[in-house]
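*Asks:* Chains as they are written, first to last, in this note's numbering: chain A, 1 to 321; chain B, 1 to 323.
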Amino acid sequence: MPRLSYRRALTRALADEMTRDESVVVLGEDIRVAAANVTTGLLKKFGPERVRDTPLSEQAFTSFATGAALAGARPVVEFQIPSLLFLVFEQIVNHAHKFPLMTGGQCAVPVTYVVPGSGSRTGWAGQHSDHPYALFAHVGVTTVVPATPADAYGLLVSAIRCDDPVVVFAPAGALDLRADVTDLAPVPLGRGVVRRSGTDVTVVAVGHLVHDALAVAEELAGQASVEVFDPRTVYPFDWDGLVESVSRTGRLVVVDDGNRSCGIAAEIIATVVERVRLAAPPRRVTRPDGAVLPFAPALDRAVQPGRDQLTAAIQLTLKDG
Amino acid sequence: MTGADPLRLYRTVRLIRRFEERAIELVHAGQIVGGIHPYLGQEGIAAGVCAALDREDLVTGTHRGHGHVLAKGADPARMLAELCGRVTGLNRGRGGSMHAADFGVGVLGANAIVGAAGAILTGAVWERRRRGAGIVGATFFGDGAVNEGMLLEAFNLAALWRVPVLFVCENNGYATTMPVDGAVAGTIAGRAAAFGMPATVVDGQDPEAVREVTAAAVARMRAGGGPELVEARTYRFDAHHTFEHQVRLDYRPPEEVAEGRSRDPVDIAGARLDPAARAAVDAAVEAELDAAVEYALAGPHPDPATALDHLYASGLTARTGGG
Chain A
1 MPRLSYRRAL TRALADEMTR DESVVVLGED IRVAAANVTT GLLKKFGPER
51 VRDTPLSEQA FTSFATGAAL AGARPVVEFQ IPSLLFLVFE QIVNHAHKFP
101 LMTGGQCAVP VTYVVPGSGS RTGWAGQHSD HPYALFAHVG VTTVVPATPA
151 DAYGLLVSAI RCDDPVVVFA PAGALDLRAD VTDLAPVPLG RGVVRRSGTD
201 VTVVAVGHLV HDALAVAEEL AGQASVEVFD PRTVYPFDWD GLVESVSRTG
251 RLVVVDDGNR SCGIAAEIIA TVVERVRLAA PPRRVTRPDG AVLPFAPALD
301 RAVQPGRDQL TAAIQLTLKD G
Chain B
1 MTGADPLRLY RTVRLIRRFE ERAIELVHAG QIVGGIHPYL GQEGIAAGVC
51 AALDREDLVT GTHRGHGHVL AKGADPARML AELCGRVTGL NRGRGGSMHA
101 ADFGVGVLGA NAIVGAAGAI LTGAVWERRR RGAGIVGATF FGDGAVNEGM
151 LLEAFNLAAL WRVPVLFVCE NNGYATTMPV DGAVAGTIAG RAAAFGMPAT
201 VVDGQDPEAV REVTAAAVAR MRAGGGPELV EARTYRFDAH HTFEHQVRLD
251 YRPPEEVAEG RSRDPVDIAG ARLDPAARAA VDAAVEAELD AAVEYALAGP
301 HPDPATALDH LYASGLTART GGG
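#1: For a contact defined as C-beta to C-beta under 8 Å, what are the partners of M102 (chain A) on chain B?
#2: What are the start and end residues of each continuous beta strand (DSSP E) run of 3 or more residues lying completely inside the segment 70-97 of chain A, in chain order?
#3: Going by DSSP, name the residue or residues bridged to T233 (chain A).
#4: Classify Y251 (chain B): buried if its beta carbon has 16 or more other beta carbons within 10 angstroms, exposed otherwise.
#5: Assuming V166 (chain A) and T142 (chain A) are in contact, meaning their beta carbons sit under 8 Å apart, how far apart are those beta carbons, in whole angstroms?
#6: Going by DSSP in three states, M1 (chain B) sits in which element: helix, strand or coil?
#7: Spatial neighbours of V293 (chain B) within its chain, please: CB distance less than 7 Å, with the 5 preceding and 5 following residues excluded, ordered by chain position.
#8: Going by the DSSP bridge assignment, what does M178 (chain B) pair with across the sheet?
#9: With 9 Å as the C-beta to C-beta threshold (strictly closer), list the residues of the segment 63-81 of chain A near chain B in chain order.
#10: When DSSP labels each residue in this structure, what does C169 (chain B) get in the three-state scheme?
#11: Going by CA-CA distance only, name the one from A:A108, A:L299, A:T40 and A:H128 that's closest to L87 (chain A).
#12: Which residue wins for smallest C-alpha separation from W161 (chain B), given the options B:G226, B:V213 and B:A175?
#13: I'd like to confirm the pairing. Which residues does DSSP put opposite R283 (chain A) in its beta bridges?
#14: Is the shortest distance between the beta-carbon of A60 (chain A) and the beta-carbons of chain B less than 8 Å?
#15: In whole angstroms, what separates the C-alpha of R20 (chain A) from that of L14 (chain A)?
#16: To the nearest angstrom, how far is the alpha carbon of S314 (chain B) from that of I160 (chain A)?
#17: Over the uninterrupted beta strand (DSSP E) stretch that includes L366 (chain B), give me the two end residues.
#18: Need the endpoints of the alpha helix (DSSP H) that D53 (chain A) sits in, please.
#19: With E228 (chain B) as the anchor, note down where its beta strand (DSSP E) starts and where it stops.
#20: Among all the DSSP beta bridges, which residues are the ones paired with P171 (chain A)?
#21: So, using beta-carbon positions, are G293 (chain A) and V272 (chain A) closer together than 8 Å?
#22: In whole angstroms, what is the alpha-carbon distance linking R236 (chain B) and D264 (chain B)?
#23: DSSP beta-bridge partners for T60 (chain B)?
#24: What does the alpha-carbon distance come out to for the pair G123 (chain A) and A298 (chain A)?
#25: Just the Cα atoms here: how many angstroms apart are D6 (chain B) and V165 (chain B)?
#26: Between V33 (chain A) and V51 (chain A), what straight-line distance do the alpha-carbon atoms span, to the nearest angstrom?
#27: Quick test of the definition: if touching needs 3 or more C-beta pairs under 8 Å, does the segment 211-229 of chain B touch the segment 188-201 of chain B?
#28: Considering only C-alpha positions, which residue in the set A:H211, A:T249, A:G154 and A:P100 is nearest to T182 (chain A)?
#29: Starting from the beta carbon of C107 (chain A), find every residue of chain B whose beta carbon is closer than 7 Å, and list them in chain order.
#30: What's the gap between the Cα of D203 (chain B) and the Cα of G134 (chain B)?
#31: I'd like to know whether the C-beta of R22 (chain B) is nearer than 8 Å to at least one C-beta of chain A.
#32: Is it the case that the segment 221-240 of chain A contacts the segment 182-195 of chain A, given that we only count it when at least three CB pairs across the two stretches are under 8 Å?
#33: Taking the DSSP output, what are the residues bridged to A287 (chain B)?
#34: Of all the residues that make up the segment 105-137 of chain B, which are near chain A by a beta-carbon distance shorter than 7 Å?
#35: Confirm, please, whether the CB-CB distance from L101 (chain A) to H310 (chain B) is below 8 Å.
#36: Can you name the residues that DSSP bridges to V194 (chain A)?
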C-alpha cells in the first residue's frame, strides 16, 4: 500500500483533474515553483497557460477566476495564507457566489479555492493563522476541511467537479499526515463520516482536530465510549448523518478551530438541539471570541482548542446527564 | 458590424434614451421598486462602443447599466420586465436594474460593486481566447471606479497577460456626488500609462466618435494587441439615482447642468440623419417600447416559493429560514 502524504494527495487531485478535464486551470502565487508544496510538477506537465503564476493581486486574480469560470473554465485558485481569504471575501461572496442567483440561473461559477496551511502553523502569528471556514459557511459557500490524505484527495476532486464555488481548507495541522491509501476516489461533498464508533457521546471534530478527538477518545476508552464524527464538509453540513449519531449517543461535544461567537460549533449545537432531545447540555471547545493568534508558541497553543479542554468538555457532558 | 452606420447608432441612443425615460415613469408609478440609476446623457458611449463589437464579444456594465445591456443587443422587453421584477425578465426577476445580464448576447452582467467587473471580464475573455475564440471584451466603469484598487489590479493583470479588454471609463464628472477633482489624483488616462496601456480620451457625447475610437482599439486588440483604455467624457443629465427625484441633493450648479445637457448625444447622432429617417426611427422605437412596457407589466410576478431557485448551480438545496 502506498503511503500518501496529505500534500501529495492534493497534488494528485489537481493533476488527475487537469488530465481528465482541459477546462481545469490553476492560478496562484508562486505556484510555478510550488512554494506551498502542492502544485509540484504541474507547470512542467500542463504548461503556463493552465498553471498561471500570478502577481500579488489577490482580488484581481480571484475575480479573474470568476470570469474564466463564467466562460467555461474550472479554475482552482491557491492561497498560501488563510488570511488572504479576508482580502478576497468580497470577490468570492459578492460575485462568485451571487452570480448564479442574480442572473436568474444564466451561469455557473465552478471555482475552487484551496488554502494549503490553514489555521496555526506555529510561529506565523496574527496575520497568517486564521481558520475562517465558518465565514464561508455563513455566507453559504460550499466549504470543506479534509482531515486525512484520502479525504484531501477526494474532496478536492469533488470540489473541482462541483458547479459552484468551493473553498478547500487544508489545515496546517494535517498537512504533514501520511496514510496508507488503497483507493483514491472522489469523496462526496456534504457527507460526514463516523471516524470512531461509540455509544455515550458524539464528538464532532473539524479538520485536523479529528485526530485530537480520536486520541482523546482512546484515552477515555476506559471511562466512556466516544463516537467521533468528522463532517468533512462544513457547508452544506451533513445534518442527517450527525443527527443519526447524536440520536444514538444522546450527548454532543463539538471541537472547532474557529472563533467562538457565530462559529461552526454554535451552528452545529443549535441545529442538533432543534432536532434531538439531548441527555445533557451540549458543550463546545473553540478558539476564544475574537481570537488573534499571538506569536509566542505557548500563547499560540493556548488560543487553539486543546486536548485537555476537549477531555474536560466530554467529562462534563457525561457528568451532567 | 464595425463600419460607420449613423442610422443604427442613432437608433441605439434613441432606444436607450426612451427606455430610460419610460423606466423612470415606471419608477414613479411604483412598477419598478428600488429605483434606477438613469443612463440619460451617457447613451453615446454604450452605443458607440457596442457598435464596434461583435455579438460574441463580451461586456460587463455598471450599476448605471441599462445602456450597456441594450446596446449589446438584449431585448428591451425582457430588460424592462427584469426591472419590473417579473419572471419574464432577463434574470427571471432575480437581478433587477443593477444586475441585468444576458449571457446570450455577451453581457456578463451589470455589476453594482464599483470597479469589480474589470477583473471578471478579463478572466472571461482570457478563457474564451484560450479556447480559440478570437473575441475581445469591453468593461464599462465610471470615474469613481478609477480609485478602486481592484480595478487597478485588473489593469495590471490584463496588461501583463495581454488580454484584449477595452477598459471604458465613463467620466461623467461625479462619483455619486463627489466631483472628479475631489477624488482623482493625477489623471484617468495616466493610470493606463502606468500599466503601459494605450489610452484615448474621446467626446462621449458623440456616439460616432466613440465608435471610431473603439473600432480602432478593437482592431489593434484583434491583431494581437493588449488592453486599452478609453476615457469617454460625458455628462449625466439626470440624478445619480431616482431617489434624488424625491430628495434633491445640491452638488451640481444649475448652469453646469444646463451646459452639460446642451450637448445631447441623441441630438448629435440625430442631426446626422435626414429628418424623415430620424422620425421613422423615433416612431419605431416608440412602438417597440410600447410593446416592451406591455410585455413587462403583463409578465407574472415570481412565486415566493421559488425565492431560493438558482442560488446554487450544482443543485444544492439551501435550508430555509423558517422555524
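We put the CB at the ideal spot given by N, CA and C, even for glycine.
In this text the structure is predicted, and so the values were computed from the model without any measurement.
*Replies:* This is what the structure gives:
#1: N91, R94, G95, H99, A101 and G109
#2: 74-78
#3: A:V144
#4: exposed
#5: 4 Å
#6: With a pLDDT of 46 at M1 (chain B), under the threshold of 50, the predicted position of this residue should be treated as unreliable, though the coordinate-derived value follows. If DSSP states are grouped into helix, strand and coil, M1 (chain B) belongs with coil.
#7: R22 and L80
#8: B:A175
#9: S63, F64, A65, T66, G67, A68, A69, L70, A71, G72, A73 and P75
#10: strand
#11: A:H128
#12: B:G226
#13: A:V253
#14: yes
#15: 10 Å
#16: 12 Å
#17: In this structure chain B extends from 1 to 323, so residue 366 (chain B) is not present and cannot be described.
#18: Unbroken run through D53 (chain A) is the beta strand (DSSP E), V51 to D53; no alpha helix (DSSP H).
#19: E228 to R233
#20: A:S118
#21: Checking the sequence shown, residue 293 (chain A) turns out to be Leu, not Gly. Not a contact, by the Cβ cut-off of 8 Å.
#22: 10 Å
#23: B:T139
#24: 10 Å
#25: A small correction: the amino acid at residue 6 (chain B) is Pro; Asp does not occupy that position in the sequence shown. Each residue's Cα considered, the two are about 25 Å apart.
#26: 11 Å
#27: yes
#28: A:G154
#29: F103
#30: 28 Å
#31: no
#32: yes
#33: Answer is none; A287 (chain B) lacks a bridge partner.
#34: L108, G109, I113, A116, A119, I120, L121, T122, G123, A124, W126, E127, R128, R130 and R131
#35: yes
#36: A:F229
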